[in-house]
Amino acid sequence: MKRILVTGGAGFIGSHLCERLVNEGHDVICLDNYFTGSKANVKALMGCGNFELVRHDVTSPYYAEVDQIYNLACPASPIHYQYNPIKTTKTSFLGALNMLGLAKRVRARILQASTSEVYGDPDQHPQTEAYWGHVNPIGLRSCYDEGKRCAESLFMDYHRQNGVDIRIVRIFNTYGPNMNIGDGRVISNFIVQALRGEELTIYGDGSQTRSFQYVSDLVEGMIRMMNCDGFTGPVNLGNPNEFTILELARQIRELVGSDSRIVFRPLPSDDPRQRQPDITLARRMLDGWQPRVPLREGLERTIAYFRTIV
Ligand code: NAD
Ligand code: UDP
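In the UniProt record's numbering, the protein residues as written are 1 to 310.
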């Protein structure tokens, strides 16, 4: 059993990762400043002897003797990462720097939760890890996109210069229970709007595409990547099944059983037209890993969660 630090552990993905690691018997430290995460997400773990919750901001150094570090701390939804963009860049960059420093000092293996946003508004489709991306460096999304790109660069340099044992995963749109109700991401927005009988707000004409991965598939891929020897990544983790945002709105409305109207609103700036992961590398390197949960089933589970809180 290992001692594992999860930064951003009280967030959406972090809480599922902590739950899985605690259930496997590892000693887990969950570190979070509760900007977008909450204690409620990890409430079920609080009584476990192998789970520890720490309030800490990753822009300051943190010290603990651990074997593995999953670095997830960073707001992930456009509303939240654009709320204080300077802080977002600091969290990505200083958070990575501090956690890499810790990994170097205690000789821990460290995994970075990077993102498909490093590909920006891609002109290669689907995106492979070899693609360098098409990112606007000065736009409203750049605090997040460039912050994450810089973190990847730091990870690679700590690896090349100091021999730190790194892993980089590029996560594509992920959804599931524990998503923050107000974080404005498309799946949580549509479900909450449909449950409240409000209009479903499509930005643009709804023809832009995304590929949605259920959170348990991602957690499985992250854990396999962390425990895979001799492969740093970066590796894409996502579900290659691609849908338009209009198709998604219609499916959620049907599954909720709502008669909400679908309305169209202006498209935010730099909103990528399409996004779909090429997961050939993950399949090959991570023991045949691939997403298992179809969109319909994942949406049903997510809707069931939101019914308990809306
Ligand atoms: P989230 O906002 O639910 O979780 C992020 C967590 O980090 C929250 O608990 C938040 O309070 C915490 N945090 C933020 N700034 C912090 C700081 N300075 N110090 C300590 N804690 C801080 O988002 P999520 O969807 O769970 O994303 C987790 C990670 O995965 C992020 O790094 C994100 O960039 C990455 N990711 C997520 C997706 C997705 O679709 N959900 C896609 C690509 C990448
Ligand atoms: N979107 C939408 N309505 C919403 C929220 C989002 O049409 O209420 C669109 C958004 O413009 C984007 C897509 O859905 O084209 C996915 O948005 P999200 O913020 O979930 O993720 P990202 O843009 O980071 O992939």
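Don't be surprised by glycine CBs; every beta carbon is placed ideally from N, CA and C.
### Query
Taking 7 Å as the cut-off, is the CB of A130 close to at least one heavy atom of the ligand NAD?
Not under cutoff, so the answer is no.
### Message
Please return the same chain residues whose Cβ sits closer than 8 Å to the Cβ of L97, not counting the five positions on each side in sequence.
### Response
Hits under 8 Å: L154.
#### Entry: Terminal residues of the alpha helix (DSSP H) in which S258 lies
Segment: none, S258 is in no alpha helix (DSSP H) and carries neither H nor E.
### CB contact flag (I168, E146, <8 Å)
Their beta carbons are not under 8 Å apart, which means I168 does not touch E146 by this criterion.
### Message
Taking the straight line between their C-alpha atoms, what separation do you get for Q193 and D183?
### Response
The alpha-carbon separation between Q193 and D183 amounts to approximately 13 Å.
### Query
Where do the ends of the beta strand (DSSP E) carrying C30 lie?
Counted as a single uninterrupted DSSP element, the beta strand (DSSP E) harbouring C30 occupies residues 27-32.
### Query
Using the C-alpha atoms, what's the distance from F35 back to R283?
If I take the Cα positions, the gap works out to 34 Å.
### Task
Examine the ligand UDP and report whether any of its heavy atoms sits within less than 7 Å of the Cβ of T302.
No.
### Query
Going by beta carbon distance, what residues of the same chain come within less than 7 Å of F93, once the five residues before and after it are set aside?
Same-chain partners within the cutoff: G147, C150, A151.
### Query
Just the Cα atoms here: how many angstroms apart are S38 and A10?
Taking the straight line joining both Cα atoms gives about 5 Å.
### Task
Determine the direct distance from the alpha carbon of M226 to that of P85, and round the result to whole angstroms.
Looking at the two C-alpha atoms, the distance is approximately 29 Å.
### Query
Taking the DSSP output, what are the residues bridged to L53?
Paired residue(s): C30.
### Query
Looking at C-alpha atoms only, which residue of Q276, I303, N236 is the closest neighbour of W289?
Out of Q276, I303, N236, the CA that lies nearest to the CA of W289 is found in N236.
### Task
Compute every distance between the C-beta of D270 and the non-hydrogen atoms of the ligand UDP, then say whether any falls below 7 Å.
Not under cutoff, so the answer is no.
### Query
Within this structure, are the beta carbons of T174 and V215 separated by less than 8 Å?
Using a Cβ distance threshold of 8 Å, T174 and V215 count as a contacting pair.
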